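In full-length UniProt numbering, the protein residues as written are 1 to 429.
Quick notes on the structure that follows.
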Ligand code: SF4
């Protein structure tokens with residue numbers, strides 16, 4: 001089911017993700033968590049990825065930063081990262097891993113890939129309480145991140161955190177010398193600086209406290225400080241405000257924005273909240289069922305959406321200036337991502353108010369909207385007008401398994417795009 005990438009390059013790109021595909025192999029079968037995802041991130045921009053829970057946003061982030069765990073596996077695709085020095089280093093030995101100043105991170109040796117985590121990519125997870133170690137002080141954990149980056153810079157192929165390769169020897173040393181710190185004094189000082197940079201008051205004292213002594217907002221600030229330890233080019237923030245109350249959410253978003261501008265970082269912001277996207281992002285990708293179904297600038301996607309799923313998301317936002325109209329929820333649920341149940345059709349068809357027979361005959365490719373070079377959607381409506389005569393009957397998906405074949409009373413023509421159907425359903429009106 002691999003598809004050609006439809007995303008070109010831009011001179012300001014720092015990251016180009018192409019055809020990224022991640023599968024999970026479970027006892028129930030193969031789950032297509034991320035399917036041929038393409039997007040670019042430019043220097044100093046905030047690129048948003050938005051979608052419902054279960055749409056594949058977080059697995060996409062983990063796939064980009066090479067943190068997908070078993071039973072998941074990135075099975076296909078490229079993650080091109082701009083680094084002229086690395087490109088020069090690998091140009092001779094693995095030319096397929098190099099394109100101009102870009103290297104395909106997935107083709108690099110494990111040690112080099114690991115060393116890129118920190119200075120190239122860093123991440124902020126959505127639940128800071130479960131992301132920090134409760135038995136170590138906050139300062140020690142940030143200092144460890146700083147220390148790992150320092151050691152990585154000194155020897156990129158031997159980057160190890162405290163817990164990697166933790167064997168009997170390390171256990172005995174840690175047991176006999178419990179106060180021996182993994183991180184140097186200078187790494188601890190840098191940790192305090194980072195806590196100060198993210199707005200923690202009395203950072204030197206707070207660095208000595210444990211995660212349970214921090215509030216939710218402070219913990220998220222500490223997580224951001226840890227993510228900044230390597231001075232990353234690209235920060236992946238996965239629902240960084242989901243676990244926080246509204247006022248703290250606003251503070252964390254302001255902090256991210258300020259840090260992004262100060263440090264000149266690029267940010268990939270993953271969220272289910274269109275308000276966060278509108279506030280923070282310059283360009284956006286809308287995810288559904290493991291695919292980016294629409295992408296473009298904020299104005300493209302918010303003002304001229306093409307994909308009915310994007311329209312549905314926008315239609316479900318309350319309008320504070322005119323709260324009278326009822327919200328229009330998107331009916332139905334995110335579909336199963338089990339390979340055996342997905343089929344070669346538009347995955348949104350069973351929830352789409354404008355589904356046509358044509359939508360069931362293929363998986364739509366990206367099509368770029370007229371008058372723009374980057375507003376694109378995976379929807380037949382990007383290539384052709386909606387045709388009422390070709391519309392699916394309202395109860396089409398109420399049949400037990402409509403994708404397996406025509407339901408009782410529906411002729412073959414109905415399932416393959418014809419307009420003649422049985423007695424009970426008709427598309428002629
Ligand atoms: S391809 Fe068809 S079913 Fe899918 S979103 Fe577009 S119009 Fe709806």
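Built from N, CA and C at the ideal position, the CB exists for glycine as well.
Predicted model only: the values in this text are computed from it and were never measured.
Query	Result
Cα-Cα separation, residue 129 to residue 139	15 Å
Rounded C-alpha distance that separates residue 264 from residue 321	35 Å
Residue 381 Cβ short of 7 Å to the ligand SF4 heavy atom set	yes
Host alpha helix (DSSP H) of residue 90 (start-end)	84-91
Of the residues 355, 290, 269, the one placed nearest residue 308, counting alpha carbons only	355
Limits of the beta strand (DSSP E) - the one that residue 31 falls within	29-42
Helix, strand or coil at residue 327 according to DSSP, with G and I counted as helix	coil
The ligand SF4 heavy atom lying under 7 Å from the CB of residue 129	no
Contact check, residue 18 vs residue 77, beta carbons under 8 Å	yes
Chain-order list of residues whose beta-carbon lies under 8 Å from that of residue 314 (same chain, five-residue window excluded)	274, 302, 305
Segment contact flag, the region 15-33 with the region 63-73, C-beta cutoff 8 Å, min 3 pairs	yes
Own chain residues within Cβ distance below 6 Å of residue 233, not counting five before or after	14, 120
One or two residues paired with residue 287 in a DSSP bridge	292
8 Å Cβ cutoff met for residue 135 and residue 223	no
Spatially closest choice to residue 107 from 123, 33, 90, 100, by CA coordinates	90
Inter-residue Cα distance where the pair is residue 339 and residue 48	27 Å
Distance, residue 198 Cα to residue 365 Cα	42 Å
Separation of residue 39 from residue 374, as counted between CA atoms	10 Å
Length of the line joining the Cα atoms of residue 154 and residue 142	19 Å
Rounded separation between residue 117 and residue 83 - CA only	13 Å
Residue environment, residue 261, which counts as buried when at least 16 other CB atoms sit within 10 Å	exposed
Span of the alpha helix (DSSP H), counted from its first residue to its last, around residue 315	308-315
Contact under 8 Å by Cβ, residue 50 with residue 286	yes
Span separating the alpha-carbon of residue 183 from that of residue 346	51 Å
Close Cβ partners of residue 430 (< 6 Å) along its chain, the five nearest in sequence each way excluded	Not covered by the structure: residue 430. The range shown for the chain is 1 to 429.
Residues bridged to residue 110 (per DSSP)	Residue 110 is not bridged to any residue.
Neighbourhood of residue 386 by C-beta distance below 8 Å, restricted to the same chain and skipping five residues each side	354, 356
For residue 11, the three-state DSSP class (helix, strand or coil)	coil
Contacting residues, own chain, Cβ-Cβ under 6 Å from residue 443 (five flanking each side not counted)	Residue 443 is absent from the model: the chain starts at 1 and stops at 429.
At least three beta-carbon pairs within less than 8 Å, the region 89-104 to the region 197-212	no
Residue 188: CB within 7 Å of a non-hydrogen atom of the ligand SF4	no
Complete runs of the beta strand (DSSP E) confined to the region 326-392 [at least 3 residues]	366-368, 376-378
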